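Remarks on the structure that follows.
Numbering (the working numbering), first residue to last: 1 to 567.
Printed below as a string of structure tokens:
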């Protein structure tokens with residue numbers, strides 16, 4: 001994907017209705033929806049291309065397109081796709097195939113979409129696990145349908161006694177009307193439990209325990225025995241979420257897919273949609289400061305100051321950056337309440353993920369399934385032979401060393417999308433864990449370069465063990481560790497979610513007490529990054545919801561002016 005052409009500052013206005021800090025997918029969703037409402041919008045993106053973590057790049061030359069960081073799309077609501085008419089701008093998703101968990105003994109557990117085939121595959125490892133997995137899917141689907149509406153909602157300010165907040169709390173209770181006594185207990189246990197607590201009593205085979213444990217620890221600083229990873233697992237099952245009268249019950253949970261052209265094509269479609277409604281997008285335009293004026297009515301946002309000295313004015317600014325960038329770097333702390341600053345300073349944003357991208361000269365061939373089947377090779381290859389394997393990888397990293405036996409989610413999107421590589425060649429995306437999260441804070445990338453390369457060697461070797469010949473087929477390799485995630489992509493601590501998905505950092509606590517509604521202590525300043533509720537994946541939900549808040553606040557301001565003027 002080619003870098004976006006920067007806007008010529010000489011021909012660009014300096015005043016807008018709304019300025020958006022960050023051109024990731026949430027910022028682009030907000031820009032498109034606000035411009036669609038007739039507001040003048042300017043997006044300021046620090047990098048030379050939009051997308052944030054949802055980008056496609058050409059690190060090995062123009063013939064190969066790599067989804068650098070994010071690699072699958074799931075949680076983007078159909079309402080956003082429709083409102084922005086994304087298919088008109090090139091948005092197309094290939095449905096992802098099943099989970100495939102190959103083993104070094106030559107077998108593989110494939111969780112086929114067809115229930116009968118899936119049950120047979122599971123029973124081959126342990127007969128009792130097949131009916132147990134059917135019950136598991138039924139239970140996860142039930143709990144997912146109960147929680148899905150909350151994922152798309154703007155959280156109320158729990159504990160507030162203001163009439164508007166009380167009304168939203170009552171609305172939340174109505175949304176939870178379907179939760180009976182059984183479901184309430186199940187949800188509480190799931191949210192506080194580890195993945196191991198959930199899967200070990202239910203399933204006997206290491207193969208099934210291993211593949212199920214991975215979805216609870218993706219992007220997380222915690223192994224499958226860490227409390228709270230049960231919720232992370234459910235969060236990743238909330239795919240296909242939609243709001244409205246049909247509700248999530250009519251949409252499959254946990255559905256994922258590969259966008260044509262890589263993840264950057266999602267961002268390109270969002271950017272094209274925003275521009276079609278009149279939004280301006282400035283790339284290579286890092287923001288140095290969000291400008292705030294102190295006053296008798298409290299601090300009020302004024303606009304932004306770019307690093308090149310350009311000032312852009314707006315009565316509304318939306319920041320989609322990581323919370324610690326937004327409120328500890330871009331806004332002067334003197335404008336923020338002490339307890340808010342304390343919440344942001346204490347925000348947990350650790351990770352130990354490493355993204356490894358490969359170009360290979362032939363399709364990797366799984367020893368357990370040597371015949372080509374696009375459903376298999378177009379699925380997710382899970383390198384995790386047991387739950388204990390995954391826990392061992394985290395234990396290594398927690399002890400300060402890179403995992404000896406890393407686990408990985410491996411995808412080969414070029415199986416379905418022939419635009420990504422020349423005929424016969426393929427791009428391989430490997431999302432892997434763990435290395436020490438402290439590597440993100442090193443003085444330079446050279447500090448752990450040799451260890452990172454050795455770790456990547458072990459990841460490739462692990463895939464080679466189940467797909468012999470893989471190592472010899474590698475033409476190019478890109479390794480992105482915690483330092484690169486933080487310093488090149490602005491993901492503090494290397495955390496892909498802008499903050500850990502733990503119970504204490506979810507819903508009304510994301511990212512600070514009293515401000516989960518996407519507003520901030522500064523009038524006119526809103527937040528809509530992945531560190532807010534609804535983030536954690538390529539959802540666009542924070543971007544959509546912040547537009548709802550902005551439009552609501554503008555209507556209220558007009559009503560107040562009319563009421564004051566009529567007196």
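We treat Cβ as the ideally placed atom computed from N, Cα and C, and that holds for glycine. All values reported here derive from a predicted model rather than from experimental measurement.
Under 8 Å between C-beta atoms of residue i and residue j
i	j	result
residue 299	residue 523	yes
residue 350	residue 441	no
residue 152	residue 550	no
residue 112	residue 118	yes
residue 143	residue 208	no
residue 572	residue 405	A question about residue 572 goes unanswered here, because the residues of the chain that appear run from 1 up to 567.
residue 199	residue 109	no
residue 129	residue 204	yes
residue 476	residue 60	yes
residue 277	residue 83	no
residue 518	residue 532	yes
residue 364	residue 470	yes
residue 569	residue 452	Any answer about residue 569 is impossible in this case: the structure gives the chain only from 1 up to 567.
Straight-line Cα distance separating residue j from residue i
i	j	result
residue 149	residue 76	14 Å
residue 509	residue 503	9 Å
residue 56	residue 564	51 Å
residue 202	residue 497	29 Å
residue 62	residue 444	28 Å
residue 31	residue 80	12 Å
residue 428	residue 292	45 Å
residue 514	residue 359	47 Å
residue 105	residue 467	12 Å
residue 458	residue 14	51 Å
residue 74	residue 214	17 Å
residue 195	residue 390	11 Å
residue 170	residue 107	52 Å
residue 167	residue 225	39 Å
residue 387	residue 402	18 Å
residue 454	residue 435	11 Å
residue 258	residue 54	12 Å
residue 218	residue 321	21 Å
residue 372	residue 329	51 Å
residue 407	residue 393	7 Å
residue 596	residue 221	Since the first and last residues shown for the chain are 1 and 567, residue 596 lies out of range.
residue 145	residue 184	13 Å
residue 410	residue 366	12 Å
residue 248	residue 157	Note on residue 248: pLDDT 38, under 50, position unreliable in the model; the coordinate value appears next. For residue 248 and residue 157, the distance between alpha carbons rounds to 24 Å.
residue 572	residue 341	With the chain running from 1 to 567 in the structure shown, residue 572 is simply not present.
residue 230	residue 188	10 Å
residue 251	residue 133	Only weak support exists for where residue 251 lies, its pLDDT of 39 falling under 50; the value from the coordinates is given anyway. If you take the alpha carbons of residue 251 and residue 133, they lie about 20 Å apart.
residue 38	residue 555	14 Å
residue 480	residue 398	19 Å
residue 536	residue 527	15 Å
residue 430	residue 383	10 Å
residue 552	residue 354	40 Å
residue 348	residue 319	19 Å
DSSP beta-bridge partners of residue i
i	result
residue 20	43, 318
residue 93	259
residue 380	99, 411
residue 431	355, 409
residue 35	Per DSSP, none; premise fails for residue 35.
residue 360	426, 474
residue 291	303
residue 57	66
residue 281	43
residue 108	102
residue 51	24
residue 81	Looking at the DSSP assignment, residue 81 forms no beta bridge with any residue, so it has no partner.
residue 73	257
Supposed contact pair residue j and residue i - C-beta distance, whole angstroms, cut 8 Å
i	j	result
residue 279	residue 86	Not confirmed; about 15 Å, so no contact.
residue 482	residue 499	That pair is no contact at about 15 Å.
residue 19	residue 312	6 Å
residue 379	residue 97	3 Å
residue 25	residue 52	6 Å
residue 309	residue 67	So it is not a contact: roughly 34 Å between Cβ atoms.
residue 16	residue 416	Not really, about 40 Å apart at Cβ, beyond 8 Å.
residue 356	residue 432	6 Å
residue 287	residue 304	5 Å
Residue i beta carbon near the ligand NAD (any heavy atom closer than 7 Å)
i	result
residue 27	Questions concerning the ligand NAD fall outside what the structure shown contains, since it holds no ligand whatsoever.
Please give the ranges of any beta strand (DSSP E) in the segment 302–356, keeping only runs that are unbroken, at least 3 residues long and fully inside the region. If we require 3 residues or more, the beta strand (DSSP E) runs fully inside the segment 302–356 come out as 311–313, 316–319.
Minimum length 4: unbroken alpha helix (DSSP H) runs contained in the segment 469–533: Along the length of the segment 469–533, whole alpha helix (DSSP H) runs at least 4 residues long occupy 470–473, 482–487, reported in chain order.
What alpha helix (DSSP H) runs, 4 residues minimum, are completely inside the segment 447–471? Entirely contained in the segment 447–471, the alpha helix (DSSP H) runs reaching 4 residues are, in chain order, 449–466.
If we require 4 or more residues per run, which alpha helix (DSSP H) segments fall completely within the segment 169–230? The qualifying runs are 181–192, 195–199, 206–214.
So within the segment 105–145, which uninterrupted beta strand (DSSP E) runs reach at least 3 residues, ignoring any that extend past its ends? Entirely contained in the segment 105–145, the beta strand (DSSP E) runs reaching 3 residues are, in chain order, 108–111.
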